[in-house]
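Below: the structure, in structure tokens.
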Amino acid sequence: MLRRQFVKGSAIVGAAAVTPTWVTATSGFFATTTERRVAQVLDCKRTMVQNVPVLRGFAGDHTDLVSPFVMLDEFGPLHIDPGSLGMDIKAHPHAGVAPTTYLLSGSGRHTDSLQNDLIYREGQFMVFSSGRGAIHEEVSSMEIRRDGGVVHGFQIWLNLPASEKFGAPVTTLRDRTDFPVIETDNYRIKVLMGEALGRTAPTETHSPAFYHHVHLAEGGRLDLPVDPTHNAFVHVVNGRLEIEGRRELEAQQLALYHRGGDHLRFHSVGGAECIVLGGQPLNEPVVSYGPFVMNDRSQIQRCIADYRAGRMGTL
Numbered sequence: 011m012l013r014r015q016f017v018k019g020s021a022i023v024g025a026a027a028v029t030p031t032w033v034t035a036t037s038g039f040f041a042t043t044t045e046r047r048v049a050q051v052l053d054c055k056r057t058m059v060q061n062v063p064v065l066r067g068f069a070g071d072h073t074d075l076v077s078p079f080v081m082l083d084e085f086g087p088l089h090i091d092p093g094s095l096g097m098d099i100k101a102h103p104h105a106g107v108a109p110t111t112y113l114l115s116g117s118g119r120h121t122d123s124l125q126n127d128l129i130y131r132e133g134q135f136m137v138f139s140s141g142r143g144a145i146h147e148e149v150s151s152m153e154i155r156r157d158g159g160v161v162h163g164f165q166i167w168l169n170l171p172a173s174e175k176f177g178a179p180v181t182t183l184r185d186r187t188d189f190p191v192i193e194t195d196n197y198r199i200k201v202l203m204g205e206a207l208g209r210t211a212p213t214e215t216h217s218p219a220f221y222h223h224v225h226l227a228e229g230g231r232l233d234l235p236v237d238p239t240h241n242a243f244v245h246v247v248n249g250r251l252e253i254e255g256r257r258e259l260e261a262q263q264l265a266l267y268h269r270g271g272d273h274l275r276f277h278s279v280g281g282a283e284c285i286v287l288g289g290q291p292l293n294e295p296v297v298s299y300g301p302f303v304m305n306d307r308s309q310i311q312r313c314i315a316d317y318r319a320g321r322m323g324t325l
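Counting in my numbering, the sequence shown runs from 11 upward without gaps.
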């Protein structure tokens, strides 16, 4: 795809709708004064990113409640037949943002203008911190194109603070065994970013942020401490999840929380899988244009000029 065509056709579009009514759970638990209060529930919207089906929770909106994150996509499940093309997200640029990729199943191949050529698989966690600008491509690995399979995972964009917008780009891929796992009869938490219940992920971030993959057992409960000054939100992957106020989330829904409480409370009658994210709000202007996330329009124009001139490199 030509550089000019890609930039012209790109835009981050908010794609989440507010759910006007609540489903009331029957199991319940009593609210406490330090529990986080739900601010908003969002329904994911189905869209396509090139040839990959995506459930989009938010993109460039709700920044006061989701910062330092700026976009959440659950991609797939994409069923790949043996001998077919599979995932084919062609080369494109990023700047000022760190897209993270986490696979629940399948595999993919990441190549970028930093001379990385990486195969990533289920349970691994990749951060493409684009800084002043770099190009990457995400396609299916040769093995899944040959044998077939199912690709399912998340691409979630972490905003970079103003001081890092024009830093050097870097790509990091960590193995599934690098991350601490907390497991009880009630829940299993994989800590991908930040800290949970005394366990800390090895992922480096430019500002405080957390990202946890959580499974609740049938009848399971979880009280998760959070910093009262940080944002927090939860996205349900499977099952039904009871949250504050005896409200219940279904799969493909997110709850965004007000700041102020020091813990999140979850319960599930039949079991649930979710991701819980948040962090310290950047409290900086956000101006986005397609794959570029900056603090003002002049920086966006600089990114476009750098990309068109080839200064973000080539694959």
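Backbone N, C-alpha and C fix where the C-beta goes; we use that ideal spot for every residue, glycine too.
Annotated three-state conformation of residue 309 is helix, per DSSP. Distance check between residue 269 and each of 52, 68, 56, 76 places 76 closest, using alpha-carbon atoms only. Taking all protein chains shown into account, residue 95 has fewer than 16 neighbouring C-beta atoms within 10 Å of its C-beta and is therefore exposed. At least 8 angstroms separates the beta-carbon of residue 264 from that of residue 250.
Note that the C-beta distance between residue 169 and residue 292 is below 8 angstroms. Shown here for residue 121: same chain residues with a beta carbon closer than 6 angstroms to its own, the five before and five after excluded, namely 127, 147, 325 in chain order. Contact between residue 197 and residue 222 is absent: CB atoms are separated by about 10 angstroms, not below the 8 angstroms threshold.
Within the same chain, 141, 142 come within 7 angstroms of residue 176 by CB-CB distance, once the 5 residues on both sides are set aside. DSSP, read as helix, strand or coil, puts residue 152 in helix. Ranking 204, 154, 189, 92 by CA distance to the CA of residue 115 puts 154 first. Put simply, the segment 296-303 touches the segment 103-115. At least three CB pairs are less than 8 angstroms apart. Rounded to whole angstroms, the gap between the alpha carbons of residue 130 and residue 158 is 16 angstroms.
For secondary structure counted as the alpha helix (DSSP H) over 4 or more consecutive residues, the segment 43-130 holds these complete runs in sequence order: 73-76. The Cβ atoms of residue 165 and residue 68 do not sit closer than 8 angstroms to each other.
The Cβ neighbour count for residue 200, taken over all protein chains shown within 10 Å, is at least 16; the residue is labelled buried. For residue 181, the enclosing beta strand (DSSP E) covers residues 180-184. Nearest neighbour of residue 46 by Cα position, chosen from 280, 275, 74, 108, turns out to be 275. For residue 136, the uninterrupted beta strand (DSSP E) segment begins and ends at 135-139. Where residue 252 is concerned, the enclosing beta strand (DSSP E) starts and stops at 241-253. Under the three-state reduction of DSSP output, residue 324 falls in the coil class, being neither helix nor strand. Secondary structure of residue 215 (DSSP, three-state): coil. For residue 318, the secondary structure class from DSSP, reduced to helix, strand or coil, is helix.
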